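Notes follow once the structure below has been shown.
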């Protein structure tokens, strides 16, 4: 019975080896030659990207301008009313912390 298992194993090895050598992937195709008609699409996409970048840049500039105006208003309010204590976001977070559910063990 062991002899039969060895024969099956030996007979399957050459078959597997022959299938791996026969199943090589075909060589890759050479890259296509330059096609000038494709340049039109490339140029159009490039123009669209430039337009989108310009719009995004304009939007960013508008947002920055708005933030600068808000900052200037904030500074004016601070100069007019210096005695008013404004809380920073970090301070307001500290006040709203809930107590722990479990107390820490002291060692």
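Numbering (my numbering), first residue to last: 1147 to 1253. We treat Cβ as the ideally placed atom computed from N, Cα and C, and that holds for glycine. Bear in mind the structure is a predicted one, so any value in this text is a computation, not a measurement.
Cα-Cα separation between residue i and residue j, rounded to whole angstroms
{"i": "residue 1262", "j": "residue 1194", "result": "Lying outside 1147 to 1253, the shown extent of the chain, residue 1262 is not represented and no answer is given."}
{"i": "residue 1197", "j": "residue 1221", "result": "36 Å"}
{"i": "residue 1204", "j": "residue 1216", "result": "19 Å"}
{"i": "residue 1227", "j": "residue 1210", "result": "26 Å"}
{"i": "residue 1185", "j": "residue 1191", "result": "10 Å"}
Residue i - DSSP class collapsed to helix/strand/coil
{"i": "residue 1197", "result": "helix"}
{"i": "residue 1216", "result": "helix"}
{"i": "residue 1179", "result": "coil"}
{"i": "residue 1247", "result": "coil"}
{"i": "residue 1227", "result": "coil"}
{"i": "residue 1209", "result": "helix"}
{"i": "residue 1191", "result": "helix"}
{"i": "residue 1184", "result": "helix"}
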